[in-house]
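For the sequence shown, this note's numbering gives the first residue as 20, with consecutive numbering after it.
Every residue gets a Cβ at the ideal spot worked out from N, C-alpha and C, and that includes glycine.
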Amino acid sequence: MTQLVESGPAATATRFLRSLENGDLAAVKTLIAPEFTMQFPGGVEFADFDALFAWARGRYTGVRKKFERIDATESNDTAIVHVSGTLSGRWLDGDEFSGIRYIDRFDLKAGLIVRQTVWNDMGEAKLKRQAGHGVAIKPADKTSSASGTSGASGA
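Structure (structure tokens):
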């Protein structure tokens, strides 16, 4: 399990994610730059949280991110933070999902988030669910010698 840091760019990114999950827009807005944008799988881009929430309401009733790894690099007044782990939550019909991989990249300048880029396997989970293969993507068997597994797919 990743131990969360108390300060710096990684802490800013994780505070942003938890505040967003909890609907605390006042806290979120203290962590972002005026030019802030976020991009989701499929090239869906937002600069406005009302539009983000409206978009999300058409996909699921709630989502939570489990932090499994946090990496940060800094240079002068810029930083890049990668947060990765798994998603859990509820689809619109009330069924639960879990184990869906994600990676979020945060670009920060002068301590504020200017961009969040999201990659996840939500689209794959939806396809598997529609095909009757369950509601969650289970973690891969790390002992398998199979190759060709790609990264994240669209929401």
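- The beta carbon of arginine 124 sits closer than 6 Å to those of His101, Thr136, all from its chain and outside the five residues before and after it, given in chain order.
- With distances taken between CA atoms, glutamate 40 lies nearest to Lys85 out of Lys85, Ala52, Glu25.
- For aspartate 123, the enclosing beta strand (DSSP E) starts and ends at 115-128.
- For alanine 46, same chain residues with a beta-carbon under 6 Å away, outside a window of 5 residues either side, are Ser38 in chain order.
- With distances taken between CA atoms, valine 82 lies nearest to Asp114 out of Asp114, Ile132, Phe65, Gln58.
- In the three-state scheme derived from DSSP, where H, G and I count as helix and E and B as strand, serine 26 is classed as coil.
- Rounded to whole angstroms, the separation of the alpha carbons of alanine 150 and asparagine 95 is 49 Å.
- When beta bridges are read from the DSSP output, glutamine 58 appears opposite Glu64, Thr136.
- A direct Cα-Cα distance of roughly 14 Å separates aspartate 67 from isoleucine 132.
- The shortest CA-to-CA distance from aspartate 69 to any of Gly42, Thr80, Asp90, Ala91 is the one to Gly42.
- Here threonine 92 is exposed. Its C-beta has fewer than 16 other C-beta atoms within 10 Å.
- Per DSSP, glycine 81 is one residue of the beta strand (DSSP E) stretching across 79-94.
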